[in-house]
Each structure stands twice: as structure tokens, then as C-alpha cells.
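Peer 1: So the sequence lines, in the order shown, correspond to chains A and B.
Everything in the first sequence is counted per our numbering, starting at 1 for the first residue and increasing by one.
Everything in the second sequence is counted per our numbering, starting at 174 for the first residue and increasing by one.
For each residue, glycine too, the CB sits at the ideal point set by N, CA and C.
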Amino acid sequence: MNIELDASKCCCAQEKDEQKYKRFDSVISGYKDKEGNLIQILHYAQGIFGCISPELQEYIAEKTGIPVSKVHGVVTFYAHFSTEPKGEHIIKVCMGTACFVLGAKDIVDALSDKLGIGVGETTKDGKYTLEVTRCIGACGLAPVMTIDDVVYQQVDKKKVEQILNNEEVKEHE
Amino acid sequence: MSDKVFIKSADDLELVKDAFLKRLHNYKYRVLVCSGGGCVSANCHAVKNALLQAIKDNGIEDQVLVSETGCIGTCNLGPVMAVMPEEVFYTKLTPADIPAIVKSHLVDGNICQENTYYDIALQKRVSRLKDIEFFKNQVKIALRNCGSIDYSSIEEYIANDGYMAAAKALGEMTRQQVIEEVTNSGLRGRGGAGFPTGIKWKAGYEADGDEKYIVCNADEGDPGAFMDRSIIEGDPHSIIEGLMIGAYAIGAKKGFAYIRAEYPLAIERFNAALAQAREMGILGENIFSSGFNFDIEVRIGAGAFVCGEETALMASVEGGRGEPRQKPPFPFQKGLLGKPTIINNVETLANIPPIIFKGSQWYAGFGTEKSKGTKVFALAGDINNTGLVEVPIGMPLRDIVYGIGGGIPGGREYKAAQIGGPSGGCIPKEHLDTPVDYDSLTKLGAIMGSGGLIIMDEDKCMVDVAKYFMDFVQNESCGKCIPCRLGTKRMKQILEKITDGKGTPEDIDELEAIARDVTATALCGLGQTASNPILSTLRSFRNEYEEHVTDKKCATGKCKELVSYRVLAEICKKCGLCAKNCPATAITGSKEEPYEIDESKCIKCGICLEKCPFEAISTN
Ligand SMILES: Cc1cc2nc3c(=O)[nH]c(=O)nc-3n(C[C@H](O)[C@H](O)[C@H](O)COP(=O)(O)O)c2cc1C
Ligand code: FES
């Protein structure tokens, strides 16, 4: 079975824990070869729960029969998995070579300044998490940043301000 | 129920091909809307919707076929579209442009000149694809279908001779013949190391074992590259076909495609293509009635650069931490689940079908004596035409930069090209005429790599660039072996010291020594090549390092700690904006007194430079 990323979309806000676990259980039981598919299972876990907490790691270990030490080892090895919850919106600045060359560092600084958080951190109100990412394949439009699924191109300090202001406006609509 | 036919032979493929071409023939125009990564980011879907609407409004639905296609290549001009059969190329479109284009071009037959491609170097519009400098000197083999077919249509893939190579291999060729053909083509792995593909397959074929695997490496680790992604998104069937031919050659029944999690679109399109192929019996049992069975499973990465390395990749496919291991045993001896495994890069596999279909001699006609065929590059950075290009191997770098790439923006000077990503190196101006092939690049301390080609102009600091890559590999080092874990960390610290203005000449020597040691002693390719960006910049730009440590200067102003700001009294109009905005109150002056910056207070934020309306602030 192949992972359907869509099916793992996070619905944290709308869903009760019970529903989440139910959804997740059906995913796990879909995999016959659980060990080989651990990473795929974790993708679902991250999608459904938003992060893979130590409790969830234990739960996965129990359900799959994989030692919790291994589950933990895999979760912490890969940058994609997070053990702590992230903000409502994820802001990512591309730090691929093209974006770096064209000034991605300034964008990170500007965002950091504006939001008052460092890379990898979440704002106090839980609204934004700031991350850097590798090439998102839009090098022709470098430097780029994304907020959730929206790509902003040829960003500079000024544009950062505009983008964040627009986000605020959207929030209040 | 679906209307897909079940393919049992090459003749069935011909039927699908004929039917598709006949259907296409019914349309007067075919509009290909680019849905590559860049254009999706630029919201090509809104343009496509506007197009469909305008076509409907004009009542010409039966005359125009609109399709989404893979990356056409001109990524900074998106959204773009090509109108066939005339090959008219429209760029920088907005949904608002569309009604006029539809009316004028598709209804009245007049090209909308003002929306067509603008050649920056020639300073004029060039409306047809075949006349555009950017495309003229490219040879598209791996990208043969990217930007020219509907990526989501298996019928159109077949109509372009897709799966014919697989049918030929399975139906008419022995496994040895397939391997021989690939060997004779001279194809070398496009994933970075450049190992001859035919020889690798032969090792896979000869390996003992009733179960073997073939794996497509779509981890695309180079942080500034998007070739593999574009191929999967724009022509997923070519990878399925390449894997199938490879599997037949080595004797595998199962394949894996390891795709990075960061590429959801590639995962989606590849899965859709797999489903189509299964539905038509092109994957599954008794393919082309040859008795050969084969299927492919997708495995998704989870964000670790080292997983592009083949032994780490296998560990990750097996569901574990993606840590590399010592070789030998090589994957062809002991790979996935302990079974013989052949791993190939996406672009390598995309080249296989044409090689089998058209023959090794045809393929070997491109390229140089020792490096055959073509190479795809992701061209980006300080260059007018950024995007995806495919050129015969051996094309001089100058032709790529100034011909296809259209030169450096703003009339600035070329400084270096970074090729090969974190494992690669920089090519300075003196070597602009170097042919881009495996051996010439290696001689210069760079590598062909997977195809990231980043151009940098005179404003870029090479020490800063080296620091960028070291930061990247240090972050991505899996920590298993000490040279890489500690060596990259130490090299990064030294580079930080140098760019912070605290370096000494001894630091440069130490940096170089560690770089060589890590290269010689690290466990896997990540560590073994991690020093390349440092060694290659030291080789071509040592003076820049020296300037940083002895003169405490960064000529480009990129290293903030080394920049000193000064008010140019002759230009200063004493408006006071700089002083007003300085967050450190480091600037003093008045209408009478000239403005001055107190270096001891200056925090080098650059705000004065930004705010001054008269360009009276100078750096260094
Ligand atoms: C650190 C590291 C990262 C790599 N990343 C990739 C990658 O992203 N994609 C790839 O195809 N090969 C990558 N490789 C090369 C693979 O190990 C392997 O050589 C390649 O996939 C073989 O395919 P090829 O012979 O078709 O090139 C990487 C190697 C190293 C050492
Ligand atoms: S480097 Fe940023 S999109 Fe490629």
C-alpha cells in the first residue's frame, strides 16, 4: 500500500483524540510489513496528530511490535518528524543554494525579527512556526518562502512585512 | 468502468498510439500549460482555468485541447504555455491576459505578440519555441516528454513511443543484450558518482539470488536542484519504463521508488502513473505476454540528505534510521533485505528507454569521448534564464551560461559557477571554457554531481558560500563516523570565525588540513565529499580567504561583521534620515555638522544604507 499524503492531512482542530486514534489504527493495520513501513506509518502519525509525542511513539511501538527504542530512533533521525507540536501556520524559508545566493538569509532574519522567534521555534500564541527548508524546486523564482501551501516568490525584507500583514488581515476576516 | 485497453504486446501499444494521434488530430490547437514546480508556484492553475473558461466562452471547445505538461524549463517566466502546432510560447501570464489571447490567437489566428517570450540578451520578442536561444542548443533526451506531453496521460506517453522500449527488451532481447546495449551507450549514472550503468547492471545480473530488487533514487539531495523532481512530475512513465527494463536485465521482480517527502506532487503523479500502468497490464504479471512479472512500490523519505547515499537509502527503505554503512558488500552483492539490489538515479533511468528503443549508437553520438549523452541541469542564481536545461555533455560552461542562460543580470560580471551541490565545487572565470563533462570537472576539483548549477556574480563572497555548504553538511551529517561528525563541525566553526573577522592565517591552514583528513577518512560519500566546497574555493579564491583574515575585509560586503559603514561627506545632503533610523544611535550630525558613524557603536544592521536616499553611505 502506498501512502496517500492527503489522507494523513492534519485535522487536529476538528477531530477528537478518539477519532484520531481510530483513523490511525486503521492505517497501521493496513500495513502487513510493519517494520519496513515504519517511516510511512510515522508520516501518517505526524499528519494525523501534528507531531509524534513520546506517548504516541510508545503507542506505535505497542501496535506494531517494533521496539520503542527503534521507533524513537527513527523519529529523531529524520528532520520531517517532530516530537513537539507546531504552530497553526508553518512558515518556511527556502535555504536551497539558489535562494541562499539570492538572499534567503535576509528573509530569515527579517521573519525572525518580526515574529520574535528563531528558526525551529513557534510564536507564543501558537500561530506561526518558522522553519528553513531545502530547495522546493522554484529556484527560478528565488528567493522563495512558503506559508503552509502558498509559495511567495522573489521575497525581500519589504515583501516579508507585506506578507505578514496580509496574513494578519486574513486571520481577522 | 474505465476505458483503458489491456496491453498484451507491442502491437497493442501501436493501437493505443494510433488512437491517441487520431484523437489529437481532431483538434486545431493544442495548448500545453506548464505545471512544473516553478509554474505551480506562480499559480498556473488559475491561468489554466481562465483558459478553459475563455475557450468555453468562445465556443471552441471542440477545436482546442488544453493539457497540463511538465516543466518546460523557463522557470522564472511562469506561468507559461505553448500553443501547438505553431509552437508559440507565451510567458508571464496572468488569468487577465487569457481572454485576449484566446480571442486573438485561437479564434482569429493572430499571435498575441506582447505576451510572447522576451529574450533579455537580444532585447526582443521571439515568439516560437524553435527560434528561442534558450531552447535551440538543448538536446532533450531525459526530458524528451517534459513540457511536450500531458504527464497524466499514459496514452500520450505511449503515443510518443513510450513502453515500446520495454516491449522491445522483453519481447526481442535477452537480458544480456539489454545490458550490452546500455553498456555500449556509455551511459554513466546521473546521481553524482558517474558509475557506468551497464557495468552496474551486469553486476546485478551476475549476482546470485532468486530475489533481487531495483531501486529508483529520487531523494534529490542537492539543495539547489530540481531535475529529478521535474522528470518524475513531468514524465513519470519514463521512470516506470526505465525501472522495468532494468529489472528485466538484472532479474528483479520488484522495484522501489524512494521519493523525498518534500515532493508531494511528484509522489502523487508517480502513484497515479503506477495505477494507470497496472490498469493496462503494463505492470503486474506476464507483462507483454513475456512471462516477466514486475511491480513498483513507492517509499517516501523523511528529510535526511544522507538518505541519497545508497546504503543509507536502503536502510531507510527498510524503515530504519538512514545511516550509511561500509562498502563492500556493495548493494549488488547484499542490498535491500540482504538481497542483490541495483540503485539508479531518476535521470539515469529516464535515459534508458530511448537508449533501448533507438539504440546505443544513437545515444553515444551525443557527448564526448568519455562522457556520452546529455545531462540535465537546474540552472539558477545570478543568471537571466533560470530553469531546467538539458545539454550534450561536453558543452563549454560559457555556452551554458551566456548562450542558453542568457548571461548575468544587470550587466554584472560572472564570478563562479557552483556545480555538484554540497559535494561539488566552484568553477571560476578562468575556466569558463571548460567542457562540462565528468573528467574535466573532476580535474578542476568540482564534480558533475546530480545537476545543480548555480551561477554567482561578482557580489558573492566565496567564503560565505563555503560556509553555507559546510553548514548544510554539518547539519546533515548522520553522526555515525567521527571524521564527518566532528570534522564538519570544526570546519564550520573555523569558517564562522573567519567570516566574523576573527580568523588568523593559521586558521586557513587548519581548515585545509581538516578538509583533507575528512575526505580521506570519512565512512560514506557525504563525508568524503563534504570538504569539496572548501577545497575548491580555497583553490580558486584563496585570496578572498586571506583578505578576510589579514585585512579583515569582505570585498563583497556579504560578511556583515567585516563590513564597516561610512558616510560619504561629499555626497551627504545632511538630511538626517540615517541618524533618525539608526537603532544603535551610532550616527551623529546635524544640518551644520557632517554626519558620522561611530564604529564602536555600529551594529552593522545596514539600515542607514537602506534609508539613505542619496547613496551617501558606503561600505568598506
Ligand atoms: C551524501 C550522498 C547523497 C547522495 N544523494 C543522491 C541523490 O539525492 N540522488 C541520487 O540519485 N544519488 C545520490 N547519491 C548517489 C547514490 O549513492 C548513488 O550513487 C546513485 O543513486 C546511483 O545511481 P546512478 O548510478 O544512476 O547515478 C548520493 C550520494 C551521497 C554520498
Ligand atoms: S533553492 Fe530555493 S527553490 Fe530551489
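1. Say whether the stretch 467-475 of chain B touches the stretch 427-441 of chain B, bearing in mind that this needs 3 or more beta-carbon pairs closer than 8 Å, one atom from each stretch.
2. Cβ of Lys373 (chain B) versus every heavy atom of ligand 1: is any distance shorter than 8 Å?
3. If you measure from the beta carbon of Arg494 (chain B) to each beta carbon in chain A, is any gap under 9 Å?
4. Please tell me whether Leu130 (chain A) and Gly120 (chain A) are closer than 9 Å, where the distance is taken between their beta carbons.
5. Output, in sequence order along the chain, the residues in the stretch 619-638 of chain B whose CB is closer than 8 Å to any CB in chain A.
6. From the DSSP output, in three-state form, read off Tyr200 (chain B) for me.
7. Starting from Gln153 (chain A), find everything on chain B with Cβ-Cβ shorter than 8 Å and list it in chain order.
8. Using the C-alpha atoms, what's the distance from Glu353 (chain B) back to Ala98 (chain A)?
9. Would you please verify whether the beta carbon of Gln591 (chain B) is less than 9 Å from any beta carbon of chain A?
10. Roughly how far, in whole angstroms, is the beta-carbon of Ala439 (chain B) from the beta-carbon of Ala398 (chain B), given that I think they are within contact range, below 8 Å?
11. Three-state secondary structure (DSSP) at Leu668 (chain B)?
12. Inspect the CB distances between the stretch 551-560 of chain B and the stretch 616-626 of chain B and report whether three or more fall short of 8 Å.
13. List, in chain order, every chain D residue whose beta-carbon is nearer than 9 Å to that of Glu435 (chain B).
14. Measure the C-alpha to C-alpha separation of Gly50 (chain A) and Lys86 (chain A) and round it to an integer number of angstroms.
15. Got a sec: does ligand 2 put a non-hydrogen atom nearer than 8 Å to the Cβ of Cys727 (chain B)?
16. Could you pull the start and end residues of the beta strand (DSSP E) that Cys389 (chain B) belongs to?
17. Could you list the residues in the stretch 716-742 of chain B with a C-beta less than 7 Å from some C-beta on chain A, going in chain order?
18. Find the residues of chain B that neighbour His43 (chain A), judging by a C-beta separation of less than 9 Å, and give them in chain order.
19. Mind checking if Pro796 (chain B) is an interface residue toward chain A, Cβ cutoff 9 Å exclusive?
20. Considering only heavy atoms of ligand 2, does any lie closer than 8 Å to the CB of Gly269 (chain B)?
21. For chain A, check one thing: does any of its Cβ atoms lie closer than 9 Å to the Cβ of Asn793 (chain B)?
22. Please compile the residues from chain A whose C-beta is within a distance smaller than 9 Å of the C-beta of Ala338 (chain B).
23. Considering Ser791 (chain B), what are the terminal residues of the beta strand (DSSP E) in which it resides?
24. So with Cβ pairs under 9 Å, would you call Asp555 (chain B) a contact of chain A?
25. In this structure, how does DSSP classify Asp6 (chain A) when only helix, strand and coil are distinguished?
26. Does the beta carbon of Val609 (chain B) fall short of 8 Å from some heavy atom of ligand 2?
27. Quick check on this structure: which residue in B:Ala315, B:Glu720, B:Pro565, B:Glu241 has the alpha carbon closest to the alpha carbon of Ala255 (chain B)?
28. Below 8 Å, can you find three or more Cβ-Cβ pairs linking the stretch 581-597 of chain B to the stretch 715-728 of chain B?
29. Give me the chain A residues within the contact set of Thr559 (chain B), using Cβ-Cβ distance strictly less than 7 Å, ordered along the chain.
30. Quick test of the definition: if touching needs 3 or more C-beta pairs under 8 Å, does the stretch 62-78 of chain A touch the stretch 482-497 of chain B?
31. Residue ranges of each alpha helix (DSSP H) run of no fewer than 4 residues wholly in the stretch 204-260 of chain B, ordered along the chain?
32. Between B:Phe465, B:Ala485, B:Asp381, which lies nearest to Gly419 (chain B) when the distance is taken from Cα to Cα?
33. Taking 8 Å as the threshold, find out whether the stretch 311-324 of chain B comes into contact with the stretch 516-524 of chain B through three or more Cβ pairs.
34. Do you know how far the Cα of Arg301 (chain B) is from the Cα of Ala537 (chain B)?
35. Starting from Tyr718 (chain B), trace the alpha helix (DSSP H) in both directions and tell me its first and last residue.
36. Whole-angstrom Cβ separation of Asn310 (chain B) and Val564 (chain B), contact assumed at under 8 Å?
Peer 2: Here's the rundown:
1. The way I'd put it, the stretch 467-475 of chain B does touch the stretch 427-441 of chain B; three or more beta-carbon pairs between them come closer than 8 Å.
2. For ligand 1, at least one heavy atom lies less than 8 Å from the Cβ of Lys373 (chain B).
3. With 9 Å as the cut-off, Arg494 (chain B) counts as an interface residue toward chain A.
4. Taking 9 Å as the cut-off, the beta carbon of Leu130 (chain A) is found closer than this to the beta carbon of Gly120 (chain A).
5. Contact annotation: in the stretch 619-638 of chain B, residues whose CB is within less than 8 Å of a CB in chain A are Gly625, Ile627, Met629, Lys633, Val638.
6. The three-state reading of DSSP puts Tyr200 (chain B) in coil, since its state is none of H, G, I, E or B.
7. The contacting residues are Ser214, Ala215.
8. Ala98 (chain A) and Glu353 (chain B) have their C-alpha atoms some 39 Å from each other.
9. Chain A has a Cβ within less than 9 Å of the Cβ of Gln591 (chain B).
10. Not really, about 13 Å apart at Cβ, beyond 8 Å.
11. Of the three classes helix, strand and coil, the one that applies to Leu668 (chain B) here is helix, per DSSP.
12. Cβ pair count under 8 Å is three or more, so yes.
13. Of the protein chains in this structure, namely A and B, none is chain D.
14. C-alpha separation (whole angstroms): 7 Å.
15. Flag unset: Cβ of Cys727 (chain B) not near ligand 2.
16. 386-391 is the span of the beta strand (DSSP E), which, as asked, contains Cys389 (chain B).
17. Correct list: empty, as no residue qualifies.
18. The answer, in chain order, is Ala434, Ile473, Ala475.
19. Examination of residue 796 (chain B) is not possible in this model, given that chain B is present from 174 through 793 alone.
20. Here residue 269 (chain B) turns out to be Ala, not Gly, going by the sequence shown. It does not: the Cβ of Ala269 (chain B) is nowhere closer than 8 Å to a heavy atom of ligand 2.
21. Chain A has no Cβ within less than 9 Å of the Cβ of Asn793 (chain B).
22. Ordered by position in chain A, no residue passes the 9 Å Cβ test against Ala338 (chain B), which lies about 25 Å from the chain.
23. According to the DSSP assignment, Ser791 (chain B) belongs to the beta strand (DSSP E) that extends over 790-792.
24. So, interface residue.
25. Because the pLDDT at Asp6 (chain A) is just 46, under 50, the model does not fix this residue reliably, and the point stays unresolved.
26. Because no heavy atom of ligand 2 lies under 8 Å away, the Cβ of Val609 (chain B) does not count as near it: no.
27. It is B:Glu241 whose Cα lies nearest to the Cα of Ala255 (chain B).
28. They do not touch, by the three-pair rule.
29. At a C-beta separation below 7 Å, Thr559 (chain B) has these neighbours in chain A: Cys139, Gly140.
30. The stretch 62-78 of chain A is in contact with the stretch 482-497 of chain B.
31. 210-214, 217-230, all fully within the stretch 204-260 of chain B.
32. Shortest Cα-Cα distance from Gly419 (chain B) to any of B:Phe465, B:Ala485, B:Asp381 involves B:Phe465.
33. With contact defined as three or more Cβ pairs closer than 8 Å, the stretch 311-324 of chain B and the stretch 516-524 of chain B are in contact.
34. Looking at the two C-alpha atoms, the distance is approximately 30 Å.
35. It spans 705-719 - the alpha helix (DSSP H) in which Tyr718 (chain B) sits, taken as one unbroken run.
36. In this structure, Asn310 (chain B) and Val564 (chain B) form a Cβ contact; the two beta carbons are roughly 7 Å apart against a cut-off of 8 Å.
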